[in-house]
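Enquirer: Mapped onto numbering that gives the first Met the number 0, the consecutive letters of the sequence shown carry residue numbers 0 to 183. Yeah, the Cβ is synthetic: ideal placement off N, Cα and C, and Gly gets one too.
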Amino acid sequence: MGETRVPWAAVFGNDRPVEVEIGPGRGDVLLALAAAAPATNFFAIERAAHAALAITEKAAARRLTNVRVVAGDARCIVGHLVAETSVAAYHLYFPDPWPKTRHRARRLTDPSFAAELARTLAPGGVLHLASDLAHLVDAFAAILAAAGLVPEAGAAPPPGRPTTAFERKYAQAGTHYARWRRPA
0 MGETRVPWAA VFGNDRPVEV EIGPGRGDVL LALAAAAPAT NFFAIERAAH
50 AALAITEKAA ARRLTNVRVV AGDARCIVGH LVAETSVAAY HLYFPDPWPK
100 TRHRARRLTD PSFAAELART LAPGGVLHLA SDLAHLVDAF AAILAAAGLV
150 PEAGAAPPPG RPTTAFERKY AQAGTHYARW RRPA
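1. In chain order, which continuous runs of the alpha helix (DSSP H) of length 4 or greater are located wholly inside the segment 10-78?
2. Might you give, ordered along the chain, the residues of its own chain that have their beta carbon closer than 7 Å to the beta carbon of L148, omitting 5 neighbours on each side?
3. Any contact between the segment 151-162 and the segment 108-123? By contact I mean 3 or more CB pairs, one from each, below 8 Å.
4. Among L143, V77 and G153, which residue has its Cα nearest to the Cα of T3?
5. Going by C-alpha to C-alpha distance, which of A36, L30 and A34 sits closest to V68?
6. The beta strand (DSSP E) spanning V125 covers which residue range?
7. Got a sec, what are the start and stop residues for the beta strand (DSSP E) A88 sits in?
8. To the nearest angstrom, report how far apart M0 and S111 are at their CA atoms.
9. Restricting to Cα atoms, I'd like to know which of A35, F11 and A141 is closest to F42.
10. Since A33 and V86 are thought to touch, with beta carbons under 8 Å apart, how far apart are those beta carbons, to the nearest angstrom?
11. Go ahead and pull the three-state DSSP assignment for T174.
12. So for R167, helix, strand or coil by DSSP?
13. Which residue's Cα is closest to the Cα of G93: R62, H134 and E18?
The following block contains the structure:
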């Protein structure tokens, strides 16, 4: 039996471009980007159900009709529900590095997940990454290149993206930005 991919038009009620944030935490970035780009749909995947609910409530309070949030595992959702070439951009800010060997399977910066991100990015689509760990960005760069994504020089945060609480907390470590594009 084939897998069912969820059509974005069924989720949002329109055919606007969709950007996905993985692990939005408090939702500050997601909500700021959604407010700045009302003609774009924003979909967030948050592991913690209480955080997903809080973001949904904030979006409703701000009357942001272009935001949807789901609580769940990003690997499962991207791998099984997101249609091929249907995402205009992914936002992955400060992913948990899961440094212990026994937690390796939880890392989002691995080849199988990179392949799913590449599969679901639209031609010309972009993946934004920020981390306080340079080695994580460097390692993921090689993995994304193997998945067919092309790095862009001079990566900076997308316009209108606020700093996250995590980013402010660890500002002394510095933030490493990177961006990759799926060839058109």
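Expert: In terms of the structure at hand:
1. Scanning the segment 10-78 from its first residue to its last, the whole alpha helix (DSSP H) runs of 4-plus residues come out as 27-35 and 48-60.
2. A117, L126, W179, R180 and R181.
3. With contact defined as three or more Cβ pairs closer than 8 Å, the segment 151-162 and the segment 108-123 are not in contact.
4. Residue V77 is the option with its Cα nearest to T3.
5. Out of A36, L30 and A34, L30 has the C-alpha closest to the C-alpha of V68.
6. First-last of the beta strand (DSSP E) with V125: L120 to S130.
7. Annotation for A88: the continuous beta strand (DSSP E) segment containing it runs V86 to Y92.
8. With a pLDDT of 45 at M0, under the threshold of 50, the modelled position of that residue is not reliable, and no figure is offered here.
9. Comparing Cα-Cα distances from F42 to each of A35, F11 and A141, the minimum goes to F11.
10. Their Cβ separation, rounded to whole angstroms, is 15 Å, which puts A33 and V86 out of contact at 8 Å.
11. DSSP places T174 in the coil class of the three-state scheme, outside both helix and strand.
12. Reduced to three states, the DSSP call for R167 is helix.
13. Looking at the sequence provided, one finds Phe at residue 93 rather than Gly. Comparing Cα-Cα distances from F93 to each of R62, H134 and E18, the minimum goes to H134.
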